[in-house]
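Note that the sequence shown covers residues -19 to -1, 1 to 446 in mature numbering (1 follows the signal peptide of the UniProt record, and there is no 0). All remarks here apply to the structure that follows.
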Amino acid sequence: MKFIFAFSCLLLMLGWAHCEPQQTASYSLQRRISDQLRFFVPARFLDRVFTSKLPVFVKDIDHPWLKDKHNIAWLERGPDPIRDLCEVVEGRDTEGESRTIPSDIFHRLDIDNHRRDIINREDGVDRMAWVNMRDRLEEMSQCPAALQQVKYLYIDTENYYGIGHADAEVAELLADILSSMPNLERISWSIPWSSNVYFEDAFERRGLQLPRVKDLVLKKGAHYMIPICPNVEQLDIGTVHELKGKHFEATPAAKNLTSLTIKNARDRPDRGWSADFVREVFNAFPYLRHLTMLGEIDSDWLYEAEDFFLDPDSLYTEEGWNPKVKNLTLWRLQEEKRKELQAPLQSVLSALNESTTLKTVILPDSIGLAIGFEGGPGCGNAYMGPDGYKTSRSVVNSHIRAVEIASAMAWDTLPHLENITIGDESPSKVERDDKGKVIKVFYPWTDRVQEFLEEQYPKPKEYSR
């Protein structure tokens, strides 16, 4: 270790390690030596010895051109890579080598606390939430080309290392940067809930407007971004319990907003997808054509079912009461009508039918439809061993039954829609009669359920003997 330290100090004394890369033909050798030394010397020490000229926000760009080590070396050899990237659009000829910097290199910019440097194995960059955001924003502010060309800004500071919330300085800096991005079309916005107040205040004081933004992805508490983007067409609004308040007052006038993804979390009995909440959605966004419903259908019927699909026929066996069914109310014990079990879903579908603009809808997954399927055993051990494949087939078979029941209900209630998807299950074909009535809906397993299950979950060879 003393030898390594002495060797590193010798490099420093000779000045070789700190010479400008373009002044030596040994830059690639220098990098290889750096890579080897990383096995013995702390990365942060080496990063001070072999210093990259590129700002971190450029290294964070996920572009094929920047993943090519030859392009990075070419940039580093230049006297001023930042100028070449941020001011010069065309490439330059260096040592007989001509390369052109792509015109779309700044189309997506990231401020992501979960990333690591894409060039070095260890970047030594402080990724604490607000330190990282401030540093990246300051770098971007020195790059006019990035501000001018960016179309997609991705922000994810959802970690709590260091200070848990932002401050006014960072919020004001971001307001400045956003005001300087004239071609911004898409924003993905994910920050800790407690920090939203700082950004909301800064944007409101600035009177920030982003009229070219068409696609907006938000996390909980960031609804103040909606009126800032008055021409948004696609909105992922995250988790919402009610669509009320000043941030939703302007949305009915947003005629361009045609696609919405929204989750109504069921952390209380009255917080799931209900007919009333569907109507709230259409009141706030009356021109919707495409709706993605995440979460669960609201149901206050409490029951516990194991790895089977609950329907009236499952309540009893030849021996009497089915021992797998637990904690059912007296009303449920007496109920044998399937339509009563499906009432919550049916009320939601009926509310969806009140829209005059809706063309496609994605309903919750099969376990969130409130029609009895709970997803099967939660412990992975049930899917292992010689009979594990049987459990998998049984659970998927119940999933298929849930999808087909919900699909039949949905198409019967909403026959005018172009497509209805349940979770990830989208039909490959919808057959209609001359009057437009849906006759049959086709899925990958249609008319071949058993074969489909055997293909997806074959019997393990080691248990086939």
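Ideal placement from N, C-alpha and C gives every residue a C-beta, glycine not left out.
Local Cβ density within 10 Å of residue i, reported as buried at 16 or more and exposed below that
i: Ser331; result: exposed
i: Ser409; result: exposed
i: Glu432; result: exposed
i: Gly353; result: buried
i: Asn264; result: exposed
i: Ser84; result: exposed
i: Asn94; result: buried
i: Arg117; result: buried
i: Pro62; result: buried
i: Ile53; result: buried
i: His51; result: exposed
i: Gly276; result: buried
i: His397; result: exposed
i: Glu120; result: buried
i: Met365; result: exposed
i: Arg429; result: exposed
i: Asp368; result: exposed
i: Arg64; result: exposed
i: Ile420; result: exposed
Coarse secondary structure for residue i, derived from DSSP in three states
i: Phe263; result: helix
i: Phe354; result: coil
i: His51; result: helix
i: Gln437; result: helix
i: His222; result: coil
i: Thr138; result: coil
i: Ile386; result: helix
i: Gln215; result: strand
i: Leu344; result: strand
i: Phe423; result: strand
i: Arg117; result: helix
i: Lys40; result: helix
i: Thr338; result: coil
i: Asp65; result: helix
i: Leu159; result: helix
i: Lys416; result: coil
i: Glu399; result: coil
i: Ile172; result: coil
i: Asn245; result: strand
i: Val329; result: helix
i: Tyr268; result: coil
i: Arg429; result: coil
i: Leu275; result: strand
Rounded separation between residue i and residue j - CA only
i: Leu395; j: Leu333; result: 8 Å
i: Gln130; j: Leu165; result: 8 Å
i: His204; j: Ile86; result: 30 Å
i: Tyr370; j: Val37; result: 48 Å
i: Asn113; j: Met274; result: 34 Å
i: Tyr424; j: Ser407; result: 7 Å
i: Trp382; j: Glu355; result: Before going further, note that residue 382 is Arg rather than Trp in the sequence given. If I take the Cα positions, the gap works out to 12 Å.
i: Gly417; j: Ile168; result: 39 Å
i: Trp254; j: Arg80; result: 55 Å
i: Tyr268; j: Ser336; result: 9 Å
i: Gly357; j: Leu434; result: 16 Å
i: Glu185; j: Cys67; result: 30 Å
i: Glu57; j: Leu134; result: 26 Å
i: Asp393; j: Asn245; result: 24 Å
i: Asp196; j: Val422; result: 32 Å
i: Leu350; j: Ser33; result: 53 Å
i: Lys201; j: Thr220; result: 6 Å
i: Ala363; j: Val376; result: 11 Å
i: Lys132; j: Ala126; result: 12 Å
i: Ser240; j: Gln437; result: 33 Å
i: Ala152; j: Asp91; result: 16 Å
i: Ser175; j: Phe258; result: 26 Å
i: Gly388; j: Asp414; result: It is worth fixing the name first, because residue 388 is Ser in this sequence and not Gly. Ser388 and Asp414: Cα-Cα distance of roughly 17 Å.
i: Asp405; j: Pro60; result: 52 Å
i: Ile44; j: Met109; result: Position check: residue 44 holds His in this sequence, whereas Ile was assumed. Spanning the two alpha carbons is a distance of roughly 24 Å.
i: Lys40; j: Leu47; result: 7 Å
i: Ile42; j: Arg89; result: 7 Å
i: Glu261; j: Arg270; result: 15 Å
Whole-Å CB distance - residue i paired with residue j, under 8 Å assumed
i: Ile401; j: Leu344; result: 7 Å
i: Ile403; j: Leu326; result: Their Cβ separation, rounded to whole angstroms, is 10 Å, which puts Ile403 and Leu326 out of contact at 8 Å.
i: Leu155; j: Phe180; result: 7 Å
i: Leu128; j: Met162; result: 6 Å
i: Ser171; j: Asp137; result: 5 Å
i: Leu238; j: Glu214; result: 6 Å
i: His380; j: Ser347; result: 5 Å
i: Thr232; j: Phe266; result: 6 Å
i: Leu272; j: Val178; result: The Cβ separation is near 29 Å, so there is no contact.
i: Pro173; j: Glu139; result: 6 Å
Cβ-heavy atom distance, residue i to the ligand GDP, below 8 Å
i: Thr394; result: In the structure shown, the ligand GDP is absent, as is every other ligand, since no ligand is present at all.
Say whether the segment 206 to 215 touches the segment 182 to 191, bearing in mind that this needs 3 or more beta-carbon pairs closer than 8 Å, one atom from each stretch. yes
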